[in-house]
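Enquirer:
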């Protein structure tokens with residue numbers, strides 16, 4: 012895509028003098044002042060008068076803060092000026108329809124925002140851009156659900172409990188997410204990373220001068236969120252049928268044909284397949300999830316459980332797990348190192364039992 016074309020090398024350039032904006036970044040530079048006047052500040056890289064710092068510093072562009080690009084076409088990080096909060100700006104195109112904004116606003120309304128089962132990303136603000144009818148949705152800056160990696164079974168239990176709870180909250184209102192896959196589940200990092208982190212190099216501090224300091228999920232349990240409602244739809248009932256829309260996970264059996272299918276059953280498949288891919292296949296010890304995941308990913312959508320059944324089944328599974336199991340470290344199937352196992356086991360013994368609210 013042309014919007015993601017990298018800066019081109021020119022004769023006489025060196026690694027110290029390249030690093031100019033990607034094409035997709037130029038749009039944000041051009042909107043810098045409009046966004047600033049609405050209360051949000053982009054990074055120095057996107058100021059119209061920006062001059063690369065690495066030239067004077069005689070450093071490589073990738074070693075300094077303003078050399079870090081954003082490669083996303085539709086999103087950009089920013090800082091809310093009144094309190095320094097890190098936020099995410101998401102560009103909404105008029106030809107993509109109103110669904111994402113409508114559903115995001117619905118779940119951020121006073122009616123739903125205070126419900127503890129609501130795990131839909133909060134909408135903080137909407138900026139209407141002066142040209143082309145584009146809008147920017149302003150949301151908290153979240154972190155991928157699996158970054159950093161999970162360390163214990165208790166951390167997984169808290170994660171799956173929250174996401175099932177959030178999906179049930181949506182389904183009860185006849186809204187199917189339709190893309191509740193790995194890329195669209197994140198967590199609020201404000202407790203684990205109280206000093207923040209760099210938005211593109213997430214292991215670095217916000218000022219890019221060192222490593223980001225953090226707590227573990229066990230020490231500071233995060234809140235998980237479902238994001239990206241661009242494919243989401245509200246129906247008259249959960250018996251609705253609709254034409255498949257393929258999102259991040261294209262493996263759902265019902266999407267092999269173009270016939271209409273039930274999107275609520277597909278949501279169940281996505282969530283079960285996420286557990287299979289991200290946990291069962293990657294770590295030892297997840298046998299307790301296999302039967303439920305098999306049912307959630309059944310080739311016949313009609314034989315998959317409703318989200319209420321998933322919640323009830325997992326509640327029973329959770330009660331059967333011992334405190335020792337919850338504290339036990341996750342051991343990768345790819346690198347079953349004894350050193351890794353014993354170092355994590357020691358950490359588990361020294362860490363208080365993971366406490367969560369069902």
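Residue numbers (this note's numbering): 12 to 369. Even glycine gets a Cβ: it sits at the ideal position worked out from N, Cα and C. None of these values were measured; they are calculated from a predicted model.
Regarding residue 263 and the ligand SAM, is the C-beta to nearest heavy atom distance less than 8 angstroms?
Expert: The model on display carries no ligand, and the ligand SAM is accordingly not part of it.
Enquirer: Verify the CB distance criterion: does residue 213 have a CB-CB separation below 9 angstroms to chain C?
Expert: Looking at the structure shown, chain C is missing, and only one protein chain is on hand.
Enquirer: Only counting the same chain, and skipping five residues up and downstream in sequence, which positions put a Cβ closer than 7 angstroms to that of residue 368?
Expert: Within the chain shown, the letter at position 357 stands for residue 368. Residue placement at residue 368 cannot be trusted, given a pLDDT of 37 that sits under 50; what the coordinates show is reported in the next sentence. Result list for residue 368: empty, nothing under 7 angstroms.
Enquirer: With C-beta atoms as the reference, is residue 278 less than 9 angstroms away from residue 193?
Expert: Counting from one through the chain shown, the residue named residue 278 turns up at place 267. Counting from one through the chain shown, the residue named residue 193 turns up at place 182. No. Outside cutoff.
Enquirer: Please name the residue, chosen from 266, 118, 259, 261, that lies closest to residue 253 on a Cα-to-Cα basis.
Expert: Here residue 253 is taken as the residue at index 242 of the chain shown, counted from 1. Looking from the CA of residue 253, the closest CA among 266, 118, 259, 261 belongs to 266.
Enquirer: Taking Cβ to Cβ, would you say residue 141 is nearer than 9 angstroms to residue 45?
Expert: Residue 141 sits at position 130 when you count from the first residue of the chain shown. Residue 45 sits at position 34 when you count from the first residue of the chain shown. Result yes, Cβ atoms of residue 141 and residue 45 sit closer than 9 angstroms.
Enquirer: Residue 344 to residue 323, Cα distance in whole Å?
Expert: Within the chain shown, the letter at position 333 stands for residue 344. Within the chain shown, the letter at position 312 stands for residue 323. Those two C-alpha atoms are separated by around 29 angstroms.
Enquirer: So, helix, strand or coil for residue 304, using DSSP?
Expert: Reading the chain shown from its first residue, position 293 is the one you call residue 304. Note: residue 304 maps to helix in three-state DSSP.
Enquirer: Please report how far the alpha carbon of residue 288 lies from the alpha carbon of residue 339, in whole angstroms.
Expert: Position 277 of the chain shown, counting from 1, holds the residue named residue 288. Position 328 of the chain shown, counting from 1, holds the residue named residue 339. The alpha-carbon atoms of residue 288 and residue 339 are separated by roughly 20 angstroms.
Enquirer: Can you list, in chain order, the residues of its chain with a C-beta nearer than 7 angstroms to that of residue 275? Leave out the 5 residues immediately preceding and following it.
Expert: Taking the first residue of the chain shown as position 1, residue 275 is located at position 264. In chain order, 182, 187, 249 place their CB closer than 7 angstroms to the CB of residue 275, counting only its own chain and leaving out the 5 sequence neighbours on each side.
Enquirer: At a cut of 8 angstroms, does the region 221-238 reach the region 128-143 through at least three beta carbon pairs?
Expert: yes
Enquirer: Let's test the definition: count the other Cβ atoms within 10 Å of the Cβ of residue 102 and tell me whether it reaches 16, buried, or not, exposed.
Expert: The count along the chain shown starts at 1 and reaches residue 102 at position 91. Here residue 102 is buried. Its C-beta has 16 or more other C-beta atoms within 10 Å.
Enquirer: Taking 8 angstroms as the cut-off, does the region 324-333 touch the region 170-180 (at least 3 CB pairs, one atom from each stretch)?
Expert: Short answer: they touch.
Enquirer: DSSP three-state label for residue 150, please.
Expert: On the chain shown, residue 150 is found 139 positions in, with the first residue counted as 1. In this structure, DSSP gives residue 150 an extended state, which the three-state scheme calls strand.
Enquirer: Do you know how far the Cα of residue 212 is from the Cα of residue 63?
Expert: Here residue 63 corresponds to residue number 52 of the chain shown, with the count starting at 1. Here residue 212 corresponds to residue number 201 of the chain shown, with the count starting at 1. Answer to the nearest angstrom: the Cα atoms are 18 angstroms apart.
Enquirer: Whole-angstrom Cβ separation of residue 152 and residue 98, contact assumed at under 8 angstroms?
Expert: Walking along the chain shown from the start, residue 152 turns up at place 141. Walking along the chain shown from the start, residue 98 turns up at place 87. Right, the Cβ-Cβ distance comes to about 5 angstroms (below 8 angstroms), so this counts as a contact.
Enquirer: Helix, strand or coil: which one does DSSP assign to residue 140?
Expert: Residue mapping note: residue 140 aligns to position 129 of the chain shown, counting from 1. Residue 140 falls in the coil class under three-state DSSP.
Enquirer: Quick check: the Cα distance between residue 113 and residue 195, rounded to an integer number of angstroms?
Expert: Within the chain shown, the letter at position 102 stands for residue 113. Within the chain shown, the letter at position 184 stands for residue 195. Distance between the alpha carbons of residue 113 and residue 195: 18 angstroms.
Enquirer: How close, in whole Å, do the beta carbons of residue 115 and residue 219 come, if the pair is a contact with beta carbons under 8 angstroms?
Expert: For this step, residue 115 is matched to residue 104 along the chain shown. For this step, residue 219 is matched to residue 208 along the chain shown. Residue 115 to residue 219, Cβ: 31 angstroms. No contact.
Enquirer: Three or more C-beta pairs closer than 8 angstroms, one from the region 219-230 and one from the region 300-312: is that the case here?
Expert: No: the two stretches stay apart, fewer than three of their Cβ pairs being nearer than 8 angstroms.
Enquirer: Under the three-state reduction of DSSP, which class applies to residue 237: helix, strand or coil?
Expert: The sequence position of residue 237 within the chain shown is 226, counting from 1. If DSSP states are grouped into helix, strand and coil, residue 237 belongs with the strands.
Enquirer: Measure from the alpha carbon of residue 313 to the alpha carbon of each residue in 290, 294, 280, 96, then state which is nearest.
Expert: Locating residue 313 in the chain shown gives position 302, counting from the first residue. It is 280 whose Cα lies nearest to the Cα of residue 313.
Enquirer: Does the separation of the CB atoms of residue 168 and residue 149 fall below 9 angstroms?
Expert: On the chain shown, position 157 is the one that residue 168 refers to. On the chain shown, position 138 is the one that residue 149 refers to. Against a cut-off of 9 angstroms, the Cβ pair of residue 149 and residue 168 comes out as no contact.
Enquirer: Would you check if the distance between the CB atom of residue 53 and the CB atom of residue 89 is smaller than 9 angstroms?
Expert: On the chain shown, residue 53 is found 42 positions in, with the first residue counted as 1. On the chain shown, residue 89 is found 78 positions in, with the first residue counted as 1. Against a cut-off of 9 angstroms, the Cβ pair of residue 89 and residue 53 comes out as a contact.
Enquirer: Looking at C-alpha atoms only, which residue of 134, 216, 331 is the closest neighbour of residue 75?
Expert: As a working note, residue 75 is residue 64 in the chain shown. Measuring from the Cα of residue 75, the nearest candidate turns out to be 216.
Enquirer: Between residue 420 and residue 208, what straight-line distance do the alpha-carbon atoms span, to the nearest angstrom?
Expert: Residue 420 is absent from the model: the chain starts at 12 and stops at 369.
Enquirer: Please name the residue, chosen from 38, 185, 201, 232, that lies closest to residue 247 on a Cα-to-Cα basis.
Expert: Counting from 1 along the chain shown, the entry for residue 247 is found at position 236. Closest option to residue 247, Cα to Cα, is 185.
Enquirer: Considering only C-alpha positions, which residue in the set 232, 119, 190 is nearest to residue 134?
Expert: Reading the chain shown from its first residue, position 123 is the one you call residue 134. Cα-wise, what sits closest to residue 134 is 119.
Enquirer: Taking a contact to mean a Cβ-Cβ separation below 9 angstroms, would you say residue 227 touches residue 162 in this structure?
Expert: In the chain shown, residue 227 corresponds to position 216, counting from 1. In the chain shown, residue 162 corresponds to position 151, counting from 1. A Cβ-Cβ contact shorter than 9 angstroms links residue 227 with residue 162.
Enquirer: To which residues of the same chain is residue 285 closer than 7 angstroms at the C-beta, ignoring the five residues directly before and after it?
Expert: Position 274 of the chain shown, counted from the first residue, corresponds to residue 285. Closer than 7 angstroms at the Cβ level, and outside the excluded window around residue 285, lie 192, 193.
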